[in-house]
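Structure first, commentary second.
Number of protein chains: 2
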Amino acid sequence: MQFVKNKIQNTKVIVRGIELSSLAAGIRYKDRLDLCLISIKTPSNSVVRFTSNRFPAAPIIISKQHLNKKEPKYLLINAGNANAATGEKGEKDTSEICREISKLTGCEKEEVLMFSTGVIGELLPANKIISSLPKLFKINTQSGWKEAAKAIMTTDTFPKICVREFELGGQRYSLVGICKGSGMIQPKMATMLAFVATDLPLSRKALEVISEAALSDSFNKITVDGETSTNDSFVLISTNPENNNFLDIDDPAFRLVKSLIADCCQELAINIVKDGEGATKLVNIRVNGAGSDREAKMIASSIANSLLVKTAIFAEDPNWGRIFSAVGASGAENIKQNIIDIFIGDIRICHHGKAVENLDELEVIAAMRPRNFDIRIELNIGSFSTETWTCDLSYDYIKINAEYRS
Amino acid sequence: MQFVKNKIQNTKVIVRGIELSSLAAGIRYKDRLDLCLISIKTPSNSVVRFTSNRFPAAPIIISKQHLNKKEPKYLLINAGNANAATGEKGEKDTSEICREISKLTGCEKEEVLMFSTGVIGELLPANKIISSLPKLFKINTQSGWKEAAKAIMTTDTFPKICVREFELGGQRYSLVGICKGSGMIQPKMATMLAFVATDLPLSRKALEVISEAALSDSFNKITVDGETSTNDSFVLISTNPENNNFLDIDDPAFRLVKSLIADCCQELAINIVKDGEGATKLVNIRVNGAGSDREAKMIASSIANSLLVKTAIFAEDPNWGRIFSAVGASGAENIKQNIIDIFIGDIRICHHGKAVENLDELEVIAAMRPRNFDIRIELNIGSFSTETWTCDLSYDYIKINAEYRS
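First to last, the protein sequences are chains L and Y.
Using the working numbering, you'd call the opening residue of the first sequence number 118 and step up by one each time.
Using the working numbering, you'd call the opening residue of the second sequence number 118 and step up by one each time.
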């Protein structure tokens, strides 16, 4: 496999077989893209993963039913209203919108999926969406990825798009992902919608294996505020514009394709943390030397979700005692305080469970000054490692969540 | 049992057999009480419960060793430095201080316990404490509870003291509790120190049963920010000034005494939430109709710790969708979204999983305006209930934790 370098992000990229269409339907915001249609125009395989929240939103309930019956051809996404906690009416609204799309296109209702994000507990203005559909179908374009990334945003401050172009067997392919995040982000997904598509034909089995790997290394590793929403969804689509064979898991190129897609998902996930509500810092938290993968993850998650750690990051305050306490409170049992080391950037600030002597605190503060930096824990117990990304907790998180209804 | 009414909190209360002494040792703060000695002058029983944090502070390690050998006679508490993440030196410092007290009093070293609260990862200024000890022993007084409550404070904004006076069998007794909290408060205790004493003689077994009941209904039910510190401790002391029999669990009065002490602990715990860092609201979260006690608690904890719920409380924003989402994300499995009801104060805002129609939102906002209000969840699944207390997440939480090293 040969990569085509995308030094300047090619936001006019196309994924053959996919058309996009975005417009401002006035669902909640005025004069802002808030409705997006993804049309799949060739044979394809798709996998979809939904939130673990036990109260899934209406569009998730309906989309799950449709997925059980058909391969999706149309994905409709709206921002501004989550259509969650809306009871039977919410499900009926979703069904009616899917039926309208089936009427307009001649596809079956079950070939339409719907995704919603925004405020919970308010009825979806279904009529606004239905009356926008004819216009939506008129503006279909293969190069609409950037507009789509904008149309699915809620409190996001920038659109999130990841583009990869690569060659395999002399043929050129594209991989494009878009996502939205902002608040309610935490392992087990989040108010997170992500749509990733490639025109490299992949078998269903291949897509499933890639999805698991990509999710566990990306969206399931990030945290903004420890929340898991009613609407999280991840979609991975593989089109087949030339009716070639679908590449399967035994193909020699499979491993490379898997890591390419996982890498794209990780880039999207990191951008979600970078754009966390009120975030001024993106911090990579790495835990080494754990006794098990499970304990490594418990510890990383405890640090990444600690409000005291997050406020210290915001303040650029090298108060590593809060990190130390979060490790101890993680629930991990196979840890020892007298052998733990803690690093901020490259500086060891805690050695064998106590402060490093004669450390120049100003150097540590300097290491926390960049927008991105690392916190590393060496448990010195076993050989398991993990990493996660978190952001700081700032005044603006409170402002965004206390002053706007999101 | 007859209660003596304490309409005006009697902060000059005495618990016979207990002397207190507080002074400003300059450990971290200047000219502020930060060192407190509790002396037990009669036969007594005590139970002590420590943090579940796997990295307990040095004073906890040493105090546990002492407790295994002797009944405590002296409790020394310092604020401003947690003596946590201080390695062997921290343990040596604690031991040396206990040894000094044994020298000054003639008691055994193991009859001294030490408790510390404050910043983590800095060595304790043991010399300042040791040089203050002679003076500390000179100012012993039976009526020093209020000063003691002040001396154990860190970022607390007011001292927390609870006084009960009661009669039993014609004899008058006192029950006094003091505690400190503020940040790092969450079920499984917190940076929480609590000392509760009564001059009603209680057997060890009685004290143990009472402690479990009191903790599970009080300090283990509150949350400020979901943190569990390295230093949490709870001490319950029963003195026996007249060498009477210790009251045991088969005594007819036991149940009343237990609820009296539990009630005192609950009052202290609620005051910790009320004084949560930056808190402007105290919210009681009640979960009814759960399928099990475990799931009721998971749901209450998920709501109480949700940053989105806490910022909505701060904003007096009746955005119940965030509460709904927190229930769904709690991990509880035996729940159904189409039968759940949510109340704010007495107003049902969500009925059978969707918004109540024609609700005057201004009325709900008015119900959120008081400093204290209730959120109630009716799961309509089973018959288990629980309650917890939480506070809001405000700009001042960020300010306190980002601008000061606590």
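The C-beta atom is built at its ideal place from N, Cα and C for all residues, glycine as well.
Here the structure is a predicted model, which is why all the values come from computation and not from measurement.
Nearest C-alpha to SER333 (chain L) among L:LYS263, L:LYS398, L:ASP410 and L:THR347: L:ASP410. When beta bridges are read from the DSSP output, GLN288 (chain L) appears opposite L:LEU285. Taking 9 Å as the cut-off, the beta carbon of ASP316 (chain L) is found no closer than this to the beta carbon of THR258 (chain L). Per DSSP, reduced to three states, the secondary structure at TYR146 (chain L) is coil, with no helix or strand assignment.
The residue from Y:TYR512, Y:THR203 and Y:ILE459 with its alpha-carbon nearest to that of LYS427 (chain Y) is Y:TYR512. Within 9 Å of the CB of LYS471 (chain L), the CB atoms of chain Y belong to ALA202, THR203, GLY204, GLU205, LYS206, GLY207, GLY238 and LEU240, in sequence order along the chain. Sequence-distant partners of THR128 (chain Y) (beyond 5 residues in either direction) whose C-beta falls short of 8 Å from its own C-beta, in its chain, are TRP262, LYS263, ILE278 and VAL280. Residues of the segment 461 to 489 of chain Y with a C-beta atom less than 8 Å from some C-beta of chain L are CYS467, HIS469, GLY470, LYS471 and ALA472, listed in chain order. Across the set L:GLY393, L:ALA199, L:PHE232 and L:ASP151, the C-alpha of L:GLY393 shows the shortest separation from the C-alpha of THR507 (chain L).
Looking at L:ASP434, L:GLY499, L:ASN422 and L:MET485, the one whose alpha-carbon comes closest to that of ILE456 (chain L) is L:GLY499. The contact set of ASN455 (chain L) on chain Y, defined by CB atoms closer than 9 Å, consists of GLY204 and GLU205 in chain order.
Within the same chain, Cβ atoms closer than 8 Å to the Cβ of ALA379 (chain L) are found at ILE327, ALA330, ALA331, ASP334 and SER335, the five residues on either side in sequence being excluded.
Along the segment 423 to 442 of chain Y, going in chain order, the ones with a CB nearer than 8 Å to a CB of chain L are SER423, LEU424, LEU425, THR428, ALA429, PHE431, ALA432, ASP434, ASN436, TRP437, GLY438, ARG439, PHE441 and SER442. Pairwise C-beta distances place the segment 137 to 155 of chain Y in contact with the segment 175 to 195 of chain Y, as three or more of them are shorter than 8 Å. For chain Y, the residues of the segment 143 to 177 of chain L that bring a beta carbon within less than 7 Å of one of its beta carbons are ASN170, ARG171 and PHE172, in chain order. ASP151 (chain L) and ILE131 (chain L) have their C-alpha atoms spaced approximately 21 Å apart. PHE232 (chain L) is bridged by DSSP to L:ILE194. Looking at L:ASP463, L:CYS224, L:LEU324 and L:ALA202, the one whose alpha-carbon comes closest to that of LEU241 (chain L) is L:ALA202. The continuous beta strand (DSSP E) containing LEU353 (chain Y) extends over residues 350 to 356. Per DSSP, the unbroken alpha helix (DSSP H) holding GLU412 (chain L) starts and ends at 410 to 422. The beta strand (DSSP E) runs of length 3 or more contained entirely in the segment 307 to 331 of chain Y are, from start to end of the chain, 310 to 315.
Residues of the segment 492 to 511 of chain L with a Cβ closer than 9 Å to any Cβ of chain Y, in chain order: ASP509, LEU510 and SER511. Classified as buried, GLN383 (chain L) has 16 or more neighbouring CB atoms from the shown chains inside 10 Å of its CB. The beta strand (DSSP E) runs of length 3 or more contained entirely in the segment 433 to 482 of chain L are, from start to end of the chain, 458 to 461 and 464 to 468. Close partners of THR347 (chain L) in chain Y (Cβ separation under 7 Å): SER442 and GLY445.
Going by beta carbons, THR505 (chain L) and SER418 (chain L) fall inside the 9 Å limit. Cβ-Cβ distances below 6 Å link LYS186 (chain Y) to GLU227 in the same chain, with the five nearest sequence neighbours on each side left out; the list follows chain order. In the three-state reduction of the DSSP assignment, THR347 (chain L) falls in the coil class, being assigned neither a helical nor a strand state. Taking a contact as a CB-CB distance under 8 Å, the pair ARG439 (chain Y) and LEU425 (chain Y) counts as one, their CB atoms being some 4 Å apart. For ALA243 (chain L), the uninterrupted alpha helix (DSSP H) segment begins and ends at 243 to 255.
Under the Cβ criterion of 9 Å, LYS252 (chain L) is not counted among the residues facing chain Y. Nearest to ILE179 (chain L) by C-alpha distance, out of L:SER163, L:LYS220 and L:VAL229, is L:VAL229. Contact between PRO358 (chain L) and THR234 (chain L) is ruled out by a C-beta separation of about 29 Å, above the 8 Å threshold. Residue burial is scored here from C-beta neighbours: GLN454 (chain Y) has at least 16 other C-beta atoms within 10 angstroms and is therefore classed as buried. Closer than 9 Å to the CB of LYS263 (chain Y) there is not a single CB belonging to chain L.
At least 9 Å separates the CB of ALA396 (chain Y) from every CB of chain L.
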